[in-house]
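Quick notes on the structure that follows.
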Amino acid sequence: MVRCSCVFFRKYGNFIDNLRLFTRGGSGGMGYPRLGGEGGKGGDVWVVAHNKMTLKQLKDKYPKKRFVAGEGANSRVSALKGSKGKDCEIPVPIGISVTDENGKIIGELHKEKDRILVAEGGLGGKLLTNFLPLKGQKRVIHLDLKLIADIGLVGFPNAGKSSLLSQISHAKPAIADYAFTTLKPELGKIMYNDFKQISVADLPGLIEGAHMNKGMGHKFLKHIERTKQLLFVVDISGFQLSSQTQYRTAFETIILLTKELELYNEEVQTKPALLAVNKMDLPDAQDKFHVLMNQLQNPKDFLHLFGKKMIPERIMEFQHIIPISAITGEGIDELKNCIRKSLDEHANRENDAYHKKQLLNLQISNAISYSEPPSKNALTNSKMDRI
Ligand SMILES: Nc1nc2c(ncn2[C@@H]2O[C@H](COP(=O)(O)OP(=O)(O)OP(=O)(O)O)[C@@H](O)[C@H]2O)c(=O)[nH]1
Ligand SMILES: [Mg+2]
Numbered sequence: 001m002v003r004c005s006c007v008f009f010r011k012y013g014n015f016i017d018n019l020r021l022f023t024r025g026g027s028g029g030m031g032y033p034r035l036g037g038e039g040g041k042g043g044d045v046w047v048v049a050h051n052k053m054t055l056k057q058l059k060d061k062y063p064k065k066r067f068v069a070g071e072g073a074n075s076r077v078s079a080l081k082g083s084k085g086k087d088c089e090i091p092v093p094i095g096i097s098v099t100d101e102n103g104k105i106i107g108e109l110h111k112e113k114d115r116i117l118v119a120e121g122g123l124g125g126k127l128l129t130n131f132l133p134l135k136g137q138k139r140v141i142h143l144d145l146k147l148i149a150d151i152g153l154v155g156f157p158n159a160g161k162s163s164l165l166s167q168i169s170h171a172k173p174a175i176a177d178y179a180f181t182t183l184k185p186e187l188g189k190i191m192y193n194d195f196k197q198i199s200v201a202d203l204p205g206l207i208e209g210a211h212m213n214k215g216m217g218h219k220f221l222k223h224i225e226r227t228k229q230l231l232f233v234v235d236i237s238g239f240q241l242s243s244q245t246q247y248r249t250a251f252e253t254i255i256l257l258t259k260e261l262e263l264y265n266e267e268v269q270t271k272p273a274l275l276a277v278n279k280m281d282l283p284d285a286q287d288k289f290h291v292l293m294n295q296l297q298n299p300k301d302f303l304h305l306f307g308k309k310m311i312p313e314r315i316m317e318f319q320h321i322i323p324i325s326a327i328t329g330e331g332i333d334e335l336k337n338c339i340r341k342s343l344d345e346h347a348n349r350e351n352d353a354y355h356k357k358q359l360l361n362l363q364i365s366n367a368i369s370y371s372e373p374p375s376k377n378a379l380t381n382s383k384m385d386r387i
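Under the UniProt record's numbering, think of the first position of the sequence shown as 1, with each following residue one higher.
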């Protein structure tokens, strides 16, 4: 049987968020037994993050998905120490997790030029190896992309997530009056007057049962793992996928989204969240908004409307609830301000926590040095002071 070294990838249109590659470090060079010469080490294979790279480009550029570093040079009379083989660099987008065949994480690339060694070159031949070179490390690796954004949009299909993204940023996502218009994650940037930028990830809509592979949004839930905060977008008139499925009110969609997040990964559900209640330009929207606010203020009074399995362990607490219309622009400025405020507050809290930790470490290390007898070095210094 011929084993295929081709690559598995999931494909959504032109978007690929996972790729399997073969990598091998270069072999070492031959040693020179007669003169005790040492062969060069084989080159290493690195995964390196690049700003503009995508997995699709990587796949198109290297269709064989094999990355082998150069061999170390043999030891020669003119160069007894052979030179090292050429390293091989695999350019990948920022936000990649690299795992081995067993799913063990080798490393993560969070910013431009971050690099991870994935396959080491073999040693050159030397006395220890009887002057024979060693082969490079062979490794199959998986690249898994998780977008890095400040805010992740979470909502049922058709709620107006992409419409909202196009209102608050220069992004031009597809918008249409049917479920699952957005097929792949899209990033946009909110620009503020003081040049601060906040990145927003628009994701395909989620439906109930998403964690059991219903719809397609669950495939993208991993992309909110690294966003700092969540922005729930709900349609004030609720949601109905088709005439065969149950109609859900705005409140129900919030509860069901919360449950889906919880079933996916409880940690995601603990992220700070904001709620944008969209389509406030529609008739009766104001009345429905009052009803929704009452439900959100007293959620326990309304949970009996749900089947037991649909009730989340923890009800989402929103930092801000903002009624908006992504069509007329109503509430958009306020939403932008709330997003900014919420992220700034979060950053301040993280900063405070960091400083407190630093202070604590300092106090601990001071306490340790007070309780320790003075070191030899300290004695020498004090002696020197006297001299
Ligand atoms: N009346 C009104 N319609 C809106 C508003 N926002 C979005 N829509 C409409 O709602 C429909 C769905 O909008 P999208 O932005 O594509 O919704 P989505 O949440 O991105 O949908 P998916 O990509 O399928 O998950 C489109 O026909 C929009 O024009 C709004 O504030 N008011
Ligand atoms: Mg969309």
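Here a beta-carbon is modelled for each residue, glycine too, at the ideal position from N, C-alpha and C.
Residue closest to residue i, alpha-carbon to alpha-carbon, out of the options
i	options	result
PHE251	LYS81, HIS170 and ALA276	ALA276
GLU262	HIS346, PHE131, MET212 and THR23	MET212
ARG340	ILE190, HIS50 and ALA176	ILE190
MET316	LEU296, THR328 and ILE327	LEU296
LEU231	LEU292, LEU164 and TYR192	LEU164
ILE171	GLY188, LYS104 and LYS259	Per the sequence shown, residue 171 should be read as Ala rather than Ile. ALA171 has its Cα closest to that of GLY188, out of GLY188, LYS104 and LYS259.
ARG115	LEU19, LYS308, GLN286 and VAL92	VAL92
PHE131	ASP144, LEU80, LEU360 and ILE364	LEU80
Heavy atom of ligand 1 within 7 Å of residue i beta-carbon
i	result
PHE180	yes
ASP100	no
ALA159	yes
residue 442	No answer is possible for residue 442: the residues shown for the chain start at 1 and end at 387.
ALA149	no
ALA176	yes
ILE224	no
ASP284	no
SER325	yes
ASP281	yes
Residues bridged to residue i [DSSP beta-bridge criterion]
i	result
ASP235	ASN278
PHE318	ALA273
PRO185	Partner(s): none; PRO185 has no beta bridge.
PRO93	HIS50
TYR32	GLY37
ILE116	VAL47
ASN24	Reading off the sequence, residue 24 comes out as Arg, not Asn. Per DSSP, VAL68 and LYS138.
MET191	GLN197
GLN229	ILE151
Proximity test, residue i beta-carbon vs ligand 2 heavy atom, cut-off 7 Å
i	result
ASP202	yes
PRO173	yes
SER27	no
SER162	yes
Closer than 7 Å: residue i CB and nearest ligand 3 heavy atom
i	result
GLY124	This structure simply doesn't include ligand 3; it includes ligand 1 and ligand 2 instead.
Between the segment 199-206 and the segment 114-121, do three or more beta carbon pairs fall short of 8 Å?
no
Per the contact definition of three or more C-beta pairs closer than 8 Å, is the segment 234-242 in contact with the segment 276-287?
yes
Determine contact between the segment 128-138 and the segment 21-28, defined as no fewer than three beta-carbon pairs at a distance below 8 Å.
yes
With a floor of 4 residues, list each alpha helix (DSSP H) that falls wholly inside the segment 120-176, ordered by position along the chain.
161-168
Ordered list of beta strand (DSSP E) runs contained in the segment 287-344, each at least 3 residues:
318-323
Does the structure place the segment 106-115 close enough to the segment 157-172 that three or more beta carbon pairs sit under 8 Å?
no
Secondary structure, beta strand (DSSP E): runs of 3+ residues fully inside the segment 69-113:
88-93, 96-100 and 105-109
For the structure I just gave you, are there three or more beta carbon pairs, one from the segment 281-290 and one from the segment 343-354, closer than 8 Å?
no
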